[in-house]
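S.K.: Protein chains in written order, with my numbering: chain A, 1 to 126; chain B, 1 to 126.
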DNA sequence: GCCATTTCTAACCTTAGGGTAAGTACCGCA
DNA sequence: TGCGGTACTTACCCTAAGGTTAGAAATGGC
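Put into structure tokens, the structure is as follows:
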């Protein structure tokens, strides 16, 4: 700790890395779509989610829900019945992440036209 | 347009899809890191970005910058010199996307501990 | 006794993301 | 003459993400 300036710079780097890898673990396509599907905080069953998220395979649904549970984004409730019933719901943490995503969602919604335009103009140039 | 309720529901679905695929095109790891690197809106050269984004290969840098240019997120300026000089800067659109990402960034920064805790607790359970 | 139902696991296989390394183009300078 | 410096491009290869399919477990209904 001889040089506080250097130290805090290194700390910033470290936090940057930490935050980035946290985002990397939490911000993939399926997580995003699942948060969307659970946004209203009503618990949903496995098969319901499977229907609500178009295009997701059973494998990715299981896998993503497991990871989200591990990261503390969803709560998993098993009812000891036959046939089995399992409900998934967003935790507070997951709900807050959903709200954070809102910014990106709104940006995309508001700028679809501009992006389309930029792409057309780029393609016309070559 | 016989049933306006059904029609607007279908439109919502369509917008959802559009927004989701827009986000998919724009929200990958390298785009995220490049926006971070250009956040202060100062133009940077190719080699500078290569140094500023740790771990990015030349190939992915070129590829990502091309796509970002196409989507209208970055502006590319070529100076007709030898050796070549090319500068990249965020467009307004790109800068706004960066601001939208901020929400996720702050969420991650604020909740690293909770996530770590959730993961430890999950791992302890099995 | 057999089948349906629901969630989850395990095996296999295909694809595509991304790394490495070499090559291109251009000109000024030693 | 040939090397250096910059921004790519291309070709090759490997890993890992993710799709598909099959099956396990448990029990109530026919």
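We put the CB at the ideal spot given by N, CA and C, even for glycine.
(1) Would you say residue 124 of chain B faces chain A, with C-beta separation under 8 angstroms as the test?
(2) What is the DSSP secondary structure of residue 71 of chain B, reduced to helix, strand or coil?
(3) Per DSSP, what kind of secondary structure is residue 37 of chain B in: helix, strand or coil?
(4) When we look at the beta-carbon of residue 79 of chain A and count the other beta-carbons within 10 Å, is it buried (16 or more) or exposed?
(5) Using a beta-carbon distance below 8 angstroms, is residue 22 of chain B in contact with chain A?
(6) Tell me which same chain residues have a C-beta within less than 7 angstroms of the C-beta of residue 18 of chain A, skipping the five on either side of it?
(7) In three-state terms, what does DSSP make of residue 2 of chain A?
(8) Can you name the residues that DSSP bridges to residue 125 of chain B?
(9) Any chance you could list the alpha helix (DSSP H) runs of at least 4 consecutive residues sitting entirely within the region 51-97 of chain B, in chain order?
(10) Would you say residue 2 of chain A faces chain B, with C-beta separation under 8 angstroms as the test?
(11) Comparing C-alpha positions only, which one of A:124, A:27 and A:110 sits nearest to residue 67 of chain A?
M.R.: With the structure as the only source:
(1) For the purposes of this step, residue 124 of chain B is identified with residue 124 of the second chain, where counting begins at 1. Residue-level contact check: residue 124 of chain B does not touch chain A, since none of the beta carbons of chain A fall below 8 angstroms from its beta carbon.
(2) In the second chain, residue 71 of chain B corresponds to position 71, counting from 1. Here residue 71 of chain B sits in coil by DSSP.
(3) Reading the second chain from its first residue, position 37 is the one you call residue 37 of chain B. Here residue 37 of chain B carries a helix assignment [DSSP, helix/strand/coil].
(4) In the first chain, counting from the first residue as 1, residue 79 of chain A sits at position 79. The residue is exposed, with fewer than 16 neighbouring Cβ atoms inside 10 Å.
(5) Your numbering for residue 22 of chain B matches position 22 in the second chain. Yes - at least one Cβ of chain A is within 8 angstroms of the one on residue 22 of chain B.
(6) Here residue 18 of chain A is taken as the residue at index 18 of the first chain, counted from 1. None.
(7) To locate residue 2 of chain A, count along the first chain from 1; it is residue 2. Note on residue 2 of chain A: pLDDT 49, under 50, position unreliable in the model; no value is reported.
(8) The residue you call residue 125 of chain B lines up with position 125 of the second chain. For residue 125 of chain B, which the question treats as bridged, DSSP gives no partner whatsoever.
(9) 58-70
(10) Position 2 of the first chain, counted from the first residue, corresponds to residue 2 of chain A. The predicted position of residue 2 of chain A is uncertain, since its pLDDT is 49 and thus under 50; a value taken from the coordinates is nonetheless stated next. Judged by the 8 angstroms Cβ criterion, residue 2 of chain A is not in contact with chain B.
(11) In the first chain, counting from the first residue as 1, residue 67 of chain A sits at position 67. Cα-wise, what sits closest to residue 67 of chain A is A:27.
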